[in-house]
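Residue numbers (my numbering), protein chains in the order written: chain A, 32 to 514; chain B, 32 to 514.
Every residue gets a Cβ at the ideal spot worked out from N, C-alpha and C, and that includes glycine.
Protein chains: 2
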Amino acid sequence: EEVARLLQLKAQLDGDDGKQTFVLKTPKGTRDYNPKQMAIREKVFNTIFNCFKRHGAETIDTPVFELKETLTGKYGEDSKLIYDLKDQGGELLSLRYDLTVPFARYLAMNKITNIKRYHIAKVYRRDNPAMTRGRYREFYQCDFDIAGQYDPMIPDAECLKIVHEILSELELGDFRIKVNDRRILDGMFAVCGVPDEKFRTVCSTVDKLDKLPWEEVKNEMVKEKGLPEEVADQIGGYVSLQGGMDLVERLLEDPKLSKSSDAVAGLKDIKQLFVYLQLFRITDKVAFDLSLARGLDYYTGVIYEAILTQAGVPQTQDPQNGPGVEEASVSVGSIAGGGRYDGLVGMFDPKGRKVPCVGVSIGIERIFSIMEQKAETSAEKVRTTETQVMVASAQKNLLEERLKLTAELWDAGVKAEVMYKKNPKLLSQLQHCEDTGIPLVAILGEQELKDGVVKLRNVTTREELNIPRDSLIEEIKKRTADC
Amino acid sequence: EEVARLLQLKAQLDGDDGKQTFVLKTPKGTRDYNPKQMAIREKVFNTIFNCFKRHGAETIDTPVFELKETLTGKYGEDSKLIYDLKDQGGELLSLRYDLTVPFARYLAMNKITNIKRYHIAKVYRRDNPAMTRGRYREFYQCDFDIAGQYDPMIPDAECLKIVHEILSELELGDFRIKVNDRRILDGMFAVCGVPDEKFRTVCSTVDKLDKLPWEEVKNEMVKEKGLPEEVADQIGGYVSLQGGMDLVERLLEDPKLSKSSDAVAGLKDIKQLFVYLQLFRITDKVAFDLSLARGLDYYTGVIYEAILTQAGVPQTQDPQNGPGVEEASVSVGSIAGGGRYDGLVGMFDPKGRKVPCVGVSIGIERIFSIMEQKAETSAEKVRTTETQVMVASAQKNLLEERLKLTAELWDAGVKAEVMYKKNPKLLSQLQHCEDTGIPLVAILGEQELKDGVVKLRNVTTREELNIPRDSLIEEIKKRTADC
Numbered sequence: 032e033e034v035a036r037l038l039q040l041k042a043q044l045d046g047d048d049g050k051q052t053f054v055l056k057t058p059k060g061t062r063d064y065n066p067k068q069m070a071i072r073e074k075v076f077n078t079i080f081n082c083f084k085r086h087g088a089e090t091i092d093t094p095v096f097e098l099k100e101t102l103t104g105k106y107g108e109d110s111k112l113i114y115d116l117k118d119q120g121g122e123l124l125s126l127r128y129d130l131t132v133p134f135a136r137y138l139a140m141n142k143i144t145n146i147k148r149y150h151i152a153k154v155y156r157r158d159n160p161a162m163t164r165g166r167y168r169e170f171y172q173c174d175f176d177i178a179g180q181y182d183p184m185i186p187d188a189e190c191l192k193i194v195h196e197i198l199s200e201l202e203l204g205d206f207r208i209k210v211n212d213r214r215i216l217d218g219m220f221a222v223c224g225v226p227d228e229k230f231r232t233v234c235s236t237v238d239k240l241d242k243l244p245w246e247e248v249k250n251e252m253v254k255e256k257g258l259p260e261e262v263a264d265q266i267g268g269y270v271s272l273q274g275g276m277d278l279v280e281r282l283l284e285d286p287k288l289s290k291s292s293d294a295v296a297g298l299k300d301i302k303q304l305f306v307y308l309q310l311f312r313i314t315d316k317v318a319f320d321l322s323l324a325r326g327l328d329y330y331t332g333v334i335y336e337a338i339l340t341q342a343g344v345p346q347t348q349d350p351q352n353g354p355g356v357e358e359a360s361v362s363v364g365s366i367a368g369g370g371r372y373d374g375l376v377g378m379f380d381p382k383g384r385k386v387p388c389v390g391v392s393i394g395i396e397r398i399f400s401i402m403e404q405k406a407e408t409s410a411e412k413v414r415t416t417e418t419q420v421m422v423a424s425a426q427k428n429l430l431e432e433r434l435k436l437t438a439e440l441w442d443a444g445v446k447a448e449v450m451y452k453k454n455p456k457l458l459s460q461l462q463h464c465e466d467t468g469i470p471l472v473a474i475l476g477e478q479e480l481k482d483g484v485v486k487l488r489n490v491t492t493r494e495e496l497n498i499p500r501d502s503l504i505e506e507i508k509k510r511t512a513d514c
Numbered sequence: 032e033e034v035a036r037l038l039q040l041k042a043q044l045d046g047d048d049g050k051q052t053f054v055l056k057t058p059k060g061t062r063d064y065n066p067k068q069m070a071i072r073e074k075v076f077n078t079i080f081n082c083f084k085r086h087g088a089e090t091i092d093t094p095v096f097e098l099k100e101t102l103t104g105k106y107g108e109d110s111k112l113i114y115d116l117k118d119q120g121g122e123l124l125s126l127r128y129d130l131t132v133p134f135a136r137y138l139a140m141n142k143i144t145n146i147k148r149y150h151i152a153k154v155y156r157r158d159n160p161a162m163t164r165g166r167y168r169e170f171y172q173c174d175f176d177i178a179g180q181y182d183p184m185i186p187d188a189e190c191l192k193i194v195h196e197i198l199s200e201l202e203l204g205d206f207r208i209k210v211n212d213r214r215i216l217d218g219m220f221a222v223c224g225v226p227d228e229k230f231r232t233v234c235s236t237v238d239k240l241d242k243l244p245w246e247e248v249k250n251e252m253v254k255e256k257g258l259p260e261e262v263a264d265q266i267g268g269y270v271s272l273q274g275g276m277d278l279v280e281r282l283l284e285d286p287k288l289s290k291s292s293d294a295v296a297g298l299k300d301i302k303q304l305f306v307y308l309q310l311f312r313i314t315d316k317v318a319f320d321l322s323l324a325r326g327l328d329y330y331t332g333v334i335y336e337a338i339l340t341q342a343g344v345p346q347t348q349d350p351q352n353g354p355g356v357e358e359a360s361v362s363v364g365s366i367a368g369g370g371r372y373d374g375l376v377g378m379f380d381p382k383g384r385k386v387p388c389v390g391v392s393i394g395i396e397r398i399f400s401i402m403e404q405k406a407e408t409s410a411e412k413v414r415t416t417e418t419q420v421m422v423a424s425a426q427k428n429l430l431e432e433r434l435k436l437t438a439e440l441w442d443a444g445v446k447a448e449v450m451y452k453k454n455p456k457l458l459s460q461l462q463h464c465e466d467t468g469i470p471l472v473a474i475l476g477e478q479e480l481k482d483g484v485v486k487l488r489n490v491t492t493r494e495e496l497n498i499p500r501d502s503l504i505e506e507i508k509k510r511t512a513d514c
């Protein structure tokens with residue numbers, strides 16, 4: 032931070048010709064997307080959109096900022112990370128911190144009790160950025176939620192099916208989906224002797240188990256959260272458990288845990304969930320895991336998180352924050368997460384009417400990072416345009432003929448480019464095709480114009496063939512049908 | 032404003048059960064997009080994306096906020112409309128006001144000298160909103176720009192071709208594209224006797240000619256801007272002129288105007304532009320119009336603006352601002368605009384290196400408004416999902432069979448929905464199809480399960496046919512191929 036400030040100062044002093052006296056950069060924790068990154072982003076989005084549409088979801092959009100009071104009291108300790116707008120007169124505003132709270136506000140405001148919607152948009156957190164690992168201050172969230180009063184666990188199972196479909200289609204490597212229930216955690220805390228008022232804070236400590244070893248987590252429970260050591264040890268016994276339907280059955284018989292009606296309700300729901308996951312044929316990737324806690328306050332029932340189990344993400348160093356231990360272990364980690372939040376909409380309703388909701392958020396920035404790194408190492412070049420043909424000429428004074436033909440192609444729906452030069456060299460026109468992956472060149476010359484033909488060149492094979500002008504459009508479409 | 036404050040206070044007092052003590056709304060000048068609006072938005076975007084891609088453009092994205100200093104000094108008087116973020120420690124930030132300045136910053140920062148790019152994203156202006164007319168504080172801009180040193184007027188002509196293609200394809204009604212050149216305006220001011228330092232301010236007065244009659248504009252020039260009446264009258268003589276190539280020729284011979292080298296350079300470029308527009312076969316919609324001035328400071332050459340010439344936009348009243356005279360006449364108006372800005376990138380370059388640019392911005396919020404109103408009056412229903420088939424049953428206890436079949440369909444790429452109820456009524460399942468436009472229902476019953484078939488029902492015709500389970504996917508795909 033200090034170094035950045037000094038560099039900034041230096042740059043200001045360097046701007047001695049008066050042309051530029053400021054640093055040319057994007058704000059901390061943000062980035063531009065260049066055309067190649069956009070091409071990858073579009074591909075990922077399309078896979079995800081198609082999945083959401085396959086499941087019959089609608090989409091909505093909300094403003095990038097909300098009234099400050101809409102966000103107040105929804106994020107617990109993380110509220111300090113919210114970006115506020117300057118008070119310039121009028122309403123006090125904040126940038127959205129996630130898409131879930133605006134969704135709940137939208138439902139309450141429009142009195143909607145049933146909807147299956149997705150929303151892909153940027154959210155804002157004044158967090159410590161770790162950009163090489165896809166952690167930014169401005170980042171995309173990609174949410175799918177089902178709101179409505181339904182029979183238990185059916186929409187919840189669909190959310191997991193969606194995670195399974197998306198992660199499979201994107202071919203990010205092997206993954207696992209951990210499942211738990213807030214009521215099981217609460218019941219477990221109760222029977223282990225954690226006082227009620229410490230449930231949430233102990234829960235955030237448990238949430239660190241995916242990054243820290245048990246010993247450190249226990250240490251935090253005892254030293255920072257003030258739990259007696261034997262209480263911590265009992266919790267330790269439970270949170271080490273993971274399994275499938277068998278574990279659910281076993282815990283339903285657990286003499287201690289079965290005394291908590293919260294825990295029993297949670298376990299019964301997990302059991303029902305597994306029945307549906309079996310019908311969806313995805314249980315091979317799903318594990319019931321008592322260490323899963325999830326950070327956010329608003330979850331009320333089932334929670335889940337998908338992790339990549341292969342070290343698919345290279346451990347590149349982050350120039351801003353260095354390779355901290357925590358950072359490094361995060362980098363093979365959570366790629367999607369969500370759960371049930373039955374109380375959030377009620378917080379916005381004047382009468383407190385509840386709309387049960389369950390949803391999932393896909394960690395799309397992480398996915399972008401992985402896909403970008405894959406593209407770097409892949410032999411296949413990422414195209415940033417879809418141009419099918421370049422209208423070129425080898426001779427001088429044919430600009431007008433080139434423009435005329437290009438317009439004809441555009442009007443016929445062919446994706447075409449032409450150089451903005453009166454007399455470009457043929458070589459530079461061909462080079463542009465090589466560089467950007469344009470497969471065809473339509474070459475005009477005096478002779479071709481006389482003969483009423485166009486020379487169509489395949490950029491890869493270098494084959495050239497005279498095509499009658501009348502059938503040029505058809506020929507181009509035929510040859511690029513698979514592009 | 033005062034009334035809004037009182038209503039807000041009242042609403043707070045009404046929240047007497049303590050559940051909600053704040054107003055449930057989006058910030059002033061912003062709106063949510065509901066699923067129907069999103070469906071229309073997607074359709075408009077696709078038309079525009081396709082056009083940009085047809086012309087070989089790449090796309091980029093930039094952060095929603097920039098360093099405050101990046102925006103400083105780019106917007107003249109309008110700078111007061113910029114949203115600033117609160118100083119929470121660290122950099123001072125502002126929300127982007129348009130996409131052009133971030134584009135110029137991107138080019139300078141990455142030392143890019145050639146690019147053809149489009150960018151569709153939201154921008155922010157603390158302006159007086161007129162929401163029913165598509166004027167918001169948060170709104171989309173949709174920009175296409177060509178940066179690079181090329182032979183004159185070729186990229187400029189392509190920008191106009193793009194406007195022509197997009198407005199034609201969207202079928203918004205008849206339109207006209209006005210063209211002028213900043214150098215012609217400057218030359219005209221000079222030969223009419225306007226002092227140099229008043230060029231920009233007189234230019235903004237001329238810009239009002241599309242909303243105000245000449246008498247009022249003249250009044251402003253004389254009374255507010257302090258021009259002698261005879262100077263204003265001379266300007267009035269020029270700005271009433273419009274035409275095509277013929278007018279260009281005439282003005283090149285104009286004894287007064289031809290004395291200005293600026294004006295002559297502008298006129299020669301307009302002449303060359305018309306040659307290219309003829310090759311693109313779009314001159315029927317284009318008029319050279321000396322009254323066109325455009326608001327923004329940074330234009331340096333050709334400028335243009337497209338207007339709808341039919342009263343396609345109903346004159347609905349704006350609840351917030353009332354039907355002011357200015358408002359009403361704006362509502363049939365500018366739908367796209369742009370021009371050449373050869374100096375902007377240089378403002379960001381440490382050495383002041385220039386990158387010539389020309390671009391166009393499509394007034395997409397306006398287009399949304401028109402399309403939404405069209406959809407309201409149209410008999411055709413806007414679908415908000417793409418679901419092909421609903422998996423249903425008439426009998427009880429078939430939830431698991433429904434889920435199993437639905438998962439099979441999803442895995443085969445079929446867009447399918449299922450009700451999240453154990454035993455939904457057949458009627459409510461069919462009603463959902465009618466409501467949302469799902470064309471097919473796959474009905475499961477005990478008998479069908481025994482026979483290894485599924486009853487496929489056409490929702491519109493009510494025809495039902497038993498299909499062997501093996502060929503169900505193929506049959507659904509065949510029947511919905513044109514959806």
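| task | Can you pull the chain A residues whose beta carbon is under 7 angstroms from the beta carbon of Leu-310(B), in chain order? | result | Glu-431, Leu-434, Lys-435 and Ala-438
- Query: With a CB to CB cut of under 7 angstroms and the five nearest residues on each side skipped, what residues in its chain are close to Cys-173(B)?
  - Reply: The residues are Ile-79, Ile-151, Ser-392, Ile-393 and Ile-395.
Take Gly-444(B) as the anchor and find which of Gln-426(B), Gln-478(B) and Ala-512(B) has the nearest alpha-carbon.
Ala-512(B)
message: Let me see if you follow: with CB-CB separation under 8 angstroms, is Pro-236(A) close to chain B or not?
response: The question names Pro, but residue 236(A) in the sequence shown is Thr. Judged by the 8 angstroms Cβ criterion, Thr-236(A) is not in contact with chain B.
Need the endpoints of the alpha helix (DSSP H) that Lys-412(A) sits in, please. Element bounds for Lys-412(A): n/a, residue is neither H nor E.
**OP:** Identify every run of the alpha helix (DSSP H) within the stretch 189 to 252 of chain A, keeping only runs that are complete inside it and at least 4 residues long; order them along the chain.
**Re:** 213 to 223, 230 to 237 and 245 to 250
- Per-residue DSSP class, three states only, for Thr-90(B): strand
- Message: Using only the alpha-carbon positions, how far apart do Leu-480(A) and Trp-245(B) sit?
- Response: If you take the alpha carbons of Leu-480(A) and Trp-245(B), they lie about 51 angstroms apart.
Practice item. Anything in the stretch 71 to 89 of chain A with a Cβ closer than 9 angstroms to a Cβ of chain B? List those residues in chain order, please. Key: From the stretch 71 to 89 of chain A, only Arg-72, Glu-73, Asn-81, Cys-82, Lys-84, Arg-85, His-86, Gly-87, Ala-88 and Glu-89 have a Cβ closer than 9 angstroms to chain B.
Practice item. Quick one: grab the DSSP three-state call for Val-445(A). Key: coil
Practice item. Closer than 8 angstroms by beta-carbon distance: list the chain B residues that pair up with Ala-367(A), in chain order. Key: Correct list: empty, because the minimum Cβ distance to chain B is about 17 angstroms.
Exercise for the section: Express the C-alpha separation of Ala-438(B) and Lys-299(A) in angstroms, rounding to a whole number. Expected result: 23 angstroms
### Query
Going by Cα to Cα distance, which pick from Asp-238(B), Gly-267(B) and Asp-241(B) is closest to Lys-249(B)?
Gly-267(B)
Can you tell me whether Thr-491(B) is buried or exposed, with buried defined as 16 or more other CB within 10 angstroms of its CB? An exposed status is given to Thr-491(B), since fewer than 16 other beta-carbon atoms sit within 10 Å of its beta-carbon.
>> Let me confirm a value: Leu-327(B) is counted as buried when at least 16 other C-beta atoms fall within 10 Å, else exposed. Which label applies?
In response: buried
List, in chain order, every chain A residue whose beta-carbon is nearer than 9 angstroms to that of Ala-473(B).
Within 9 angstroms Cβ-Cβ: nothing; Ala-473(B) doesn't reach chain A, min ~14 angstroms.
- Task: Classify Ala-221(A) as buried or exposed, calling it buried when 16 or more other Cβ atoms lie within 10 Å of its own Cβ.
- Result: buried
Would the beta-carbon of Gly-486(B) fall within 8 angstroms of that of Phe-311(B)?
According to the sequence shown, residue 486(B) is Lys rather than Gly. Contact flag unset, no.
Got a sec: is the Cβ-Cβ distance from Thr-511(A) to anything in chain E below 8 angstroms? Of the protein chains in the structure, A and B, none is chain E.
For Tyr-137(B), would you say it is in contact with chain A, using Cβ-to-Cβ distances shorter than 8 angstroms as the test? yes
- Thinking just about the alpha-carbon of each residue, which of Asn-141(B), Thr-57(B) and Pro-66(B) is nearest to the one in Leu-55(A)? Asn-141(B)
Simplified DSSP assignment, three categories, for Glu-357(A):
Residue placement at Glu-357(A) is flagged as unreliable, the pLDDT there being 36, under the threshold of 50; the coordinate-derived value follows with that caveat. Reduced to three states, the DSSP call for Glu-357(A) is helix.
_Cβ contact (3+ pairs, closer than 8 angstroms) linking the stretch 198 to 205 of chain B and the stretch 317 to 325 of chain B_ = no
Assuming Lys-486(A) is part of the beta strand (DSSP E), what are its boundary residues? 484 to 489
Practice item. Using a threshold of 8 angstroms, state whether the C-beta atoms of Asp-92(A) and Met-69(B) are closer than that. Key: A contact, by the Cβ cut-off of 8 angstroms.
- [ ] Over the uninterrupted alpha helix (DSSP H) stretch that includes Ala-324(B), give me the two end residues.
- [x] Element bounds for Ala-324(B): n/a, residue is neither H nor E.
_I need the DSSP call for Leu-430(B), collapsed to helix, strand or coil._
helix
Are Val-295(A) and Leu-258(A) touching if we call contact CB-CB under 8 angstroms?
no
Checklist entry - Given a threshold of 16 other Cβ atoms within 10 Å of its Cβ, counted over all protein chains shown, does Ile-498(A) qualify as buried or as exposed? => result buried
Starting from Val-225(A), find everything on chain B with Cβ-Cβ shorter than 8 angstroms and list it in chain order. Result: empty, since nearest Cβ-Cβ is about 28 angstroms, beyond 8 angstroms.
inquiry  = For Asn-476(A), which residues in the same chain have their Cβ closer than 8 angstroms to its Cβ, ignoring the five residues on either side in sequence?
reply    = According to the sequence displayed, residue 476(A) carries Gly and not Asn. Taken in chain order, the residues that qualify are Ser-424, Ala-425, Gln-426, Leu-429 and Lys-486.
CB-CB length for Arg-148(A) against Tyr-128(A), believed under 8 angstroms
Rounded, the Cβ-Cβ distance is 19 angstroms, inconsistent with contact.
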